[in-house]
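Here's the structure, in C-alpha cells; my notes come after.
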Amino acid sequence: MRTFTIRSGAPVAFRIDYEKELNPEQLEAVVCPDGPALVLAGAGTGKTRTVTYRVARLIESGMKPDSLMLVTFTNKAAREMLQRVESVLGLNLRGLWGGTFHHIGNILLRRHAKLLGYEGNYSILDRQDAVDLVDTCVGDAGVDKERWRFPKADIVQSIISLTVNTGDSISRVVSTRMPHFIPMTEEIGKVAVRYELRKQELNVMDFDDLLSNWLRLLREQPAVLDQYGGQFRQILVDEYQDTNFIQAAIIDLMASSHKNLFVVGDDAQSIYSFRGADFENIISFPKRYADARVFRLTTNYRSTPEILSLANASIRRNRRQFRKDLHAVRPEGRSPALLAVRDVYQQAGFVAQRMMDLHDDGMDFGKMAVLYRSHYQSMEIQMELTRHGIPFEIRSGLRFFEQAHIKDVTAYLRIAVNPKDEIAWFRVLRLIPGIGKVSARKIGAALIPMDDPLGGLIGGAADKLVRKASRKDFDRMIDLMARLRAPDMLEKPSEMIRIVMAGGYEEYLFAEYPNAAARVEDIEQLAEYSMAYAGTAELLSSLALVSTMGDNAADDEGENDKVVLSSIHQAKGLEWAVVFLVWLCEGRFPSARAVSEQDEEEERRLFYVAATRAREELYLLYPRSAPGAGGNMLLGPSRFILELPGNVYERCAVEERNVY
DNA sequence: AGAGTGGGCCTTTTT
DNA sequence: GGCCCACTCT
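Here the numbering used here runs 3 ahead of the position in the first sequence, where the first position is 1.
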C-alpha cells in the first residue's frame, strides 16, 4: 500500500489578518509554501512590508526565530524590519539572525576562525587599511615600479577585491575592467598572493574575507555546513539584485539542504556592479531553482502617477531587464519639473529658495532631500543651506568612523585586542614626532613576529630603533600601551578611549588641528557610544561594519526635521515627499567614466532609483556651466533627460531677482 | 637617509 | 579636503 505523509500538529491560529493588511500580490508571496521563491518587487511596491510579513508568517506558523536568517543590505534595514515584526505584530524575535552579509559572516567566523588558520580576535580592515597593506605588499613583492607605470595601491586593491567578489581570475578582471594594466597581470598576481599571506600572519581580515572565508568554511568543513544548514531552516534575502557571485554562492550553500530560500529584489534597482554585484543572480534565479515560485509586485504606493511615468519611461530604455509596468494608486499630482539653471550657484540658490517656500507652506524640512551622483556635487548646496539657516544632514562623504582621529584612537584599541595588527601599530607609531614611514616599518617588523609583541615593546624590544629626539614621546606611548594592557581592561572600551586621550592624544590633536575641539568632541561621542559594548572586540567589529553612529543610535529617520543630502546610492530604499535631483549634466551623470552599454544601463538604473524616491514632487536640475579644469566648462543636459518623452515633465524657468 | 613642509592637482558609487 | 610630489631641513 502506498503511504502519503501529511503535515500534522495543531492547526495554526494566525493573529495577524494577512488578507486585510496586504494586497493580493503581496499576500500570495507572504503565504507561499516552503521552497525557493523569488519576489520581483518594483520601487515603492511594499517590498519591506512583504519581507516583514513573511517573517511574521513563518514565526506564526511555528518556526523558532533562531531558525531564520534574514540578510539585508544594511544593518539598519534589518533592524527596522525586525522591530516592526516585534512591535507592530507583537512577536518575539530573539535569536533571529539578521544583518548584512558582512555582519553575519563576522559572527560566524569569530566562532570558527581556528578552522581557517585565524585567531578569533582577528581585526577587520576597512578599505583604507586594506589599501595600506596592499601598498606594503607591492613594496615587498619587489615590483619594478620603474619599468612600468605600476597601478597605485588603491587600484591594485580594487582588482584583488573584484577577484574575490566575482570569482574571476586576476587576468580576467584586469582584461575586462582595466585592460591598460594587462602587461602587469603577473606582478599584480604576486602582490595578491603576498597580500593573502600577510593578512593571515597579521590575523586580520578585510571586508572581502568576511565573505570568502565564510564560503570557504562552508565548502571545506562539512560539519559546519551541516550545523548551519540544520539551524537555519528558512533563509530570506533582501535586495537580492545587489548580491555578487560570492554572496549568491554562500546563500545557495546555506540553503542547500532544504532550499527554503525567499529572495526579494528589483533588477531595475541594481546599482552596485562596481563592487561585483551581478544582477544575473536575480535574472537566473528561476533557472538555478527550477521549481522556484516567482511573484511580482507592481502596485506602487509611493509616488504620484506623474513621477512614476517619468521613471517608467526612463527605465524602459534598458535592454537587460525583467519587463514590468508599475502602476500608481496615488491620486494625480504635479508634473516633475525640469530646470536649466545658469550654474551651480543658481542651482543651489533655487534649491534653498524652494525649500524655504515649501517650509513656509507647512512642510517639514525632514520631508525633503537633495540627491546627487557624487559627493562633491553637494558642496554649493551645503554652503547655500548654511547661509539660509536651513538645517540639513549629510548622508555621504567621509563617514564618521573613517575620519583620521577616530581611526587613530581605535588603532590603540586594535593593538590591545590583536597585538599582531601591524596596520594599527603603524598608525600609532607614526603619531610620534620623528617617526615616519621608515622607522615605523622597522619597529613593526621587529615586533610582529614576537609571540607577545606588546610585551616585547614594553620590555624594550624596539628601543634601539628609536632616535634620541623621539625618545620621550616613544616612552609615553609605551606607558600608554602598558596601561591598556591592565587586567579586565578589554571589557571597558570607553575607559580605554579615555586613557588614550589622557595619554597624549588630546594634546596631539590640539597641536595638529585647528578644529581640535570638534575632534575631541567626536571622540567623546565615540566613548559614549562604546559604553553600550561589553567588550572592545565587539566594539571594533561594530565600528568596522556599521557606517554611521546613527545606524545604531537613536537618531532614527526623520523627526528631527532636517533636509537630507545624500548620494543616490545611499538613498536606496528611502523616500521623501520632495526630491531635488541635481547635477543632471552629461559627463557628470552618467559619469564620464561610464562608457560601455552596460555601464550606461547601470547609470540609468541609478537615475531610476533617484526618481522613484519622490512621493509628491520631483525637481530635475542641470547647471549649464560648472567650474572645471581651467575655468568654467559648458555642460549639456544628461542623456537621461534628453531621451525622455516631453510629456513626462514640465520645463520650468528660473527667474532671478536681485535684492539689494 | 629620512623626516617634515608647502603647493598644485583631482574628485564615482560602498559593506 | 585629500593626495602626491618636490623641496628643505636634520
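From the three backbone atoms N, C-alpha and C, an ideal C-beta is built for every residue, glycine too.
All values derive from a computational prediction rather than experimental measurement.
- Here the alpha carbons of His391 and Val523 stand approximately 28 Å from one another.
- The beta carbon of Cys35 sits closer than 6 Å to the beta carbons of Arg296 from its chain, once the five residues preceding and following it are set aside; these are given in chain order.
- Ala443 is positioned such that its CB atom lies no closer than 7 Å to that of Leu450.
- Between Ser338 and Ala40, the alpha-carbon positions lie close to 37 Å from each other.
- Scanning Phe248, Arg299 and Arg291 for the CA closest to the CA of Arg278 turns up Phe248.
- Every beta strand (DSSP E) stretch that sits fully inside the region 512 to 596 and reaches 3 residues is listed by chain position as 566 to 570 and 579 to 584.
- For the pair Gly98 and Trp217, the Cα-to-Cα distance works out to about 20 Å.
- The C-beta separation of Gln237 from Leu71 comes to about 5 Å, placing the pair in contact by the 8 Å criterion.
- When the five nearest sequence neighbours on each side are left out, the beta carbons in the same chain lying within less than 8 Å of the beta carbon of Glu335 are those of Thr307, Pro308 and Glu309, in order along the chain.
- Here His330 carries a strand assignment [DSSP, helix/strand/coil].
- Judged by DSSP in its simplified three-state form, Phe643 adopts helix.
- Ala40: member of the beta strand (DSSP E) spanning Ala40 to Ala44, first to last residue.
- The secondary-structure analysis by DSSP pairs Ser628 across a beta bridge with Asp346 and Leu637.
- By DSSP's assignment, Ser126 forms a beta bridge with Val207.
- Under the 10 Å beta carbon count, Met534 is surrounded by fewer than 16 other beta carbons and is classified as exposed.
- When Cβ pairs closer than 8 Å are counted between the two stretches, the region 189 to 197 is seen not to touch the region 404 to 424, the count staying below three.
- A Cβ-Cβ distance of about 35 Å is found for the pair Gln324 and Val657, leaving them out of contact under the 8 Å criterion.
- Here Lys471 is exposed, its C-beta having fewer than 16 other C-beta atoms within 10 Å.
- Annotation note: the region 217 to 270 contains the following uninterrupted alpha helix (DSSP H) runs of length 4 or greater, listed N- to C-terminal: 225 to 234 and 248 to 257.
- Note: Thr302 is bridge-paired with His330 in the DSSP secondary-structure output.
- DSSP places Met84 within a helical segment (H, G or I) once states are collapsed to three.
- Counting only runs of at least 3 residues, the region 105 to 192 fully encloses the following beta strand (DSSP E) elements, listed from N- to C-terminal order: 126 to 128.
- Check the Cα spacing between Leu221 and each of Glu204, Asp255, Glu189 and Lys193: the tightest is with Asp255.
- Around the C-beta of Met382, fewer than 16 other C-beta atoms lie within 10 Å, and the residue is accordingly described as exposed.
- Buried is the label assigned to Gln272, since at least 16 other Cβ atoms lie within 10 Å of its Cβ.
- Remark: fewer than three beta-carbon pairs, one from each stretch, lie closer than 8 Å, so the region 167 to 183 and the region 452 to 463 are not flagged as touching.
- In this chain, the beta strand (DSSP E) harbouring Ala372 covers Met371 to Tyr375.
- When secondary structure is reduced to three states using DSSP, Phe610 falls in the helix class.
- For a cut-off of 8 Å, the C-beta gap from Met366 to Ala580 is around 7 Å, short enough to register as a contact.
- Within the same chain, Leu73, Ala81 and Leu85 come within 6 Å of Gly101 by CB-CB distance, once the 5 residues on both sides are set aside.
- Between Phe395 and Leu568, the gap from beta carbon to beta carbon is short of 7 Å.
- Between Ala537 and Leu543, the alpha-carbon positions lie close to 11 Å from each other.
- With respect to the 7 Å criterion, Ser317 and Phe610 are classified as neighbours on the basis of their beta carbons.
- Residues Leu512 and Phe513 of the same chain have their beta carbon placed closer than 7 Å to that of Ala519, with the five preceding and five following residues left out of the count.
- Leu119 sits away from Asp209, with the two beta carbons spaced by 7 Å or more.
- Comparing alpha-carbon positions, the option among Leu61, Ile110, Met181 and Arg113 lying closest to Asn95 turns out to be Leu61.
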